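Data block below; observations after.
Residue numbers (this note's numbering): 641 to 789.
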C-alpha cells in the first residue's frame, strides 16, 4: 500500500473529527496549485443545516478565501462519493478535478445514482478519480454506523 496524498489525508482527518462530533464521517479538502486552501468536515447536525456537507463547507470556504465563486483551478478531495447536491455545487464552482475515496451506492451521484456529470444538462464535468483512500474512508463509515446500531 502506498501513502495517501496529503489532501486525502487531511480530508480523512476531518472525517474522523466529524465522527468524534457525532456527525457522519465525511471530510473534504480544496487544493489549488498543490496547496490546501480549505478543509471541512460534515456538520449538518452541529450547524442545524442540511446543506452543511463537507464538500459544501470546503467549497464555500475556498471561494471566500480566494474571493471568487469559480474554482476552475482547484481540486476537491472527498472521502465519500458526493451526493447530488454536492455534485451540483462542484459543477457550479467549476472544480477542475474531483478525487474521492469510498463509493456510495446508496447516496452517491457521481458514479452511482443519477451520475450527475454524465447528464447532458450538466454544464461542467470535472476530471474524476475514485478509490483514493477508499479503504480508510469506508472503515470510518462502517465503524461510525456500527457503533450507532
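Cβ atoms here follow ideal geometry from the backbone N, Cα and C, with glycine treated the same way. Note that the coordinates shown come from a computational prediction; the quantities given were computed from them, not determined experimentally.
- Assignment of beta-bridge partners to residue 671 by DSSP yields 676, 715.
- The C-alpha of residue 678 lies about 8 Å from the C-alpha of residue 705.
- Membership of residue 767 in the beta strand (DSSP E) is indicated by the continuous run 767-770.
- Ranked by Cα distance from residue 709, the options 658, 729, 719 are led by 729.
- Note on residue 748: 16 or more other CB atoms within 10 angstroms of its CB, so buried under the neighbour-count rule.
- The Cβ-Cβ distance between residue 777 and residue 753 does not fall below 8 Å.
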